Amino acid sequence: MQVTPRNNTCYRSHGRLGHALAIGTLLFALAGVHEALAEPVPVRTIRLADLLQVPTYSAPATVMPHNTPRLAAEIDARILEVKVEVGDRVVSGQVLVRLDCRHSESVLAAARAALDRAKAQQQFAAEQLTRARNLGRNKSISEELVDQRRTDLAVTEADRQAAEEVVRQAAIDAGHCEIKAPFDAVVTERLASTGGFANRGTIIVGLLEATGQEVSAALRHEQIAGLQAAESIFFDANGDRYPVTVRTLLPLADTTARTLEARLAFTADSAIAGTAGRILWTGRRELLPADYLVRRNGSVGLFLLEADRARFVALPDAEDGRPARVTLDPESLLITDGRQRLSDGDEVQPAIAGDKS
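Under numbering that gives the first Met the number 0, the first residue of the sequence shown is numbered 0, with each subsequent residue one higher.
The following block contains the structure:
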């Protein structure tokens, strides 16, 4: 039996109708998207003045002691007494160590006796010269003998001066029989014991000066000018703040850390030596936090609300991730929420005050 083929015209008609419906649906969807894109972008704004902040900067710092001497014996002697222990507070002039001074005192006594002898010889030589001059006027002795008496006097004067220096040196040694604190301090080391023998240079006691500490801080190069211009600077250690002021900047850079060392002096109470913390200072200019900056067309700036439109304002000196200086009218309205979706000139719809949506 022969089957008659069906007419393909019906299929072609249905195909065209399907394509038309698909295209219509797509155009309708695109129109809806276009209409949605054309709608104002909802945003929130805030006064620029309400966001500007005086920035706070910081750098790592450590409290350095002013003087940390290690006191040593300056004569060879036995240690009679070490009068302090580690941690003791001492005052300037306080005796810390007593040494056996018998030998030094004996040397001093001998030096004084030698000085007395030299003075007596000088006096005798002076009297001899006076007699020789009187006899010389009467031609009773020769000029050569007068010159000899004059030379004898000069020699005895030199001997007296040498004896005086020996006495002075012996007195210095005798004065070293006691080791005294050079200033108010805290004992940090006790390195010798009572009964031991100390040679010259033997370290017995270590001290830490109780006052005069200063702060050492490591600064990046871009922080130096700001620190020097700061009106107030503090050293912060575990929440305790101490006012400080810049004493000097060392003209030597750390090539590894690429920092410069600043030394700062305490202006009131001081932290104890060795305390680690940070120095804090505030800038002179108000800055806009980096969170409100955006980048458009290679420039960093911000969006302002002007007549229901977003206006992008580039900030020439702004950098990504850093607070920026803004010279705009502080009453300007800065777009905060929704700024990431915006382009310059976009129509926006500011949120109504109190609207949490």
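Every residue gets a Cβ at the ideal spot worked out from N, C-alpha and C, and that includes glycine.
Remember, it's a predicted structure, so these values are computed and weren't measured experimentally.
Which of helix, strand or coil DSSP assigns to residue i
i	result
I334	strand
I171	helix
S139	coil
L301	strand
T67	coil
E357	Since the first residue of the chain shown is 0 and the last is 356, residue 357 is not available in this structure.
A350	coil
D343	coil
V89	strand
V53	coil
L286	strand
E318	coil
A28	Its pLDDT being 48, under 50, A28 is placed unreliably by the model, and the measurement read from it follows with that caveat. It is helical.
L292	coil
L279	strand
A313	strand
R43	coil
T61	strand
T187	strand
A72	coil
E163	helix
A323	strand
E177	strand
Sub-8 angstroms separation of residue i and residue j beta-carbons
i	j	result
I203	V53	no
L114	E156	no
A209	V62	no
T67	L263	no
D75	N237	no
P41	A350	yes
T201	A72	yes
A270	A58	no
I140	A131	yes
A60	S298	no
L47	P315	no
L357	V83	As displayed, the chain neither begins before 0 nor continues past 356, which places residue 357 out of reach and without an answer.
E142	G135	yes
L292	A317	yes
H65	G211	yes
A117	D158	yes
Nearest neighbour of residue i, chosen from the options [CA to CA]
i	options	result
T193	R97, A124, R262 and E126	R97
D268	A289, R294, A313 and F234	F234
Q127	L95, R148, K138 and I78	R148
D307	D343, V293, Q339 and L292	D343
D345	L70, F311, P59 and D319	F311
A177	S103, A256, T258 and S57	Going by the sequence as given, residue 177 is Glu instead of Ala. Answer by Cα proximity: S103.
T266	F123, R246 and F182	R246
T244	A131, Q339 and Q227	Q227
G174	R69, R101, N296 and R283	R101
G225	D253, D328 and A261	A261
R119	Q160, A184 and R240	Inspection of the sequence shows that residue 119 is occupied by Ala rather than by Arg. Of the listed residues, the one whose Cα sits closest to A119 is Q160.
A124	D146, L107 and K138	D146
A180	D87, Y241 and R340	D87
R77	A191, R240, D319 and K138	A191
Y417	T274, L259 and T255	With the chain represented from 0 up to 356, any question about residue 417 goes unanswered, as that position is not in the structure.
D99	L79, V85 and V106	L79
Q339	D319, R295 and L107	R295
A229	Y56, I45 and P39	Y56
V166	T129, Q121 and S105	S105
Exercise for the section: Could you say if the region 80-97 and the region 221-231 meet the contact criterion of at least three C-beta pairs nearer than 8 angstroms? Expected result: no
Practice task
Tell me, please, whether the region 326-341 touches the region 300-312 by the rule of three or more beta-carbon pairs shorter than 8 angstroms.
Solution key: yes
Exercise for the section: Just list the beta strand (DSSP E) runs in the region 189-275, keeping only unbroken ones of 3 residues or longer that don't cross its boundaries, in chain order. Expected result: 202-208, 213-218, 232-236, 239-253 and 258-265
Practice task
Please list the segments of the alpha helix (DSSP H) lying wholly inside the region 92-140, counting only runs of 4 or more residues, in order along the chain.
Solution key: 101-136
Exercise for the section: Flag this pair as touching only if the region 165-172 and the region 109-127 have three or more C-beta atom pairs under 8 angstroms; answer yes or no. Expected result: yes
Problem - Cβ contact (3+ pairs, closer than 8 angstroms) linking the region 37-51 and the region 272-283 - result: no
Practice task
Inspect the CB distances between the region 319-329 and the region 286-301 and report whether three or more fall short of 8 angstroms.
Solution key: yes
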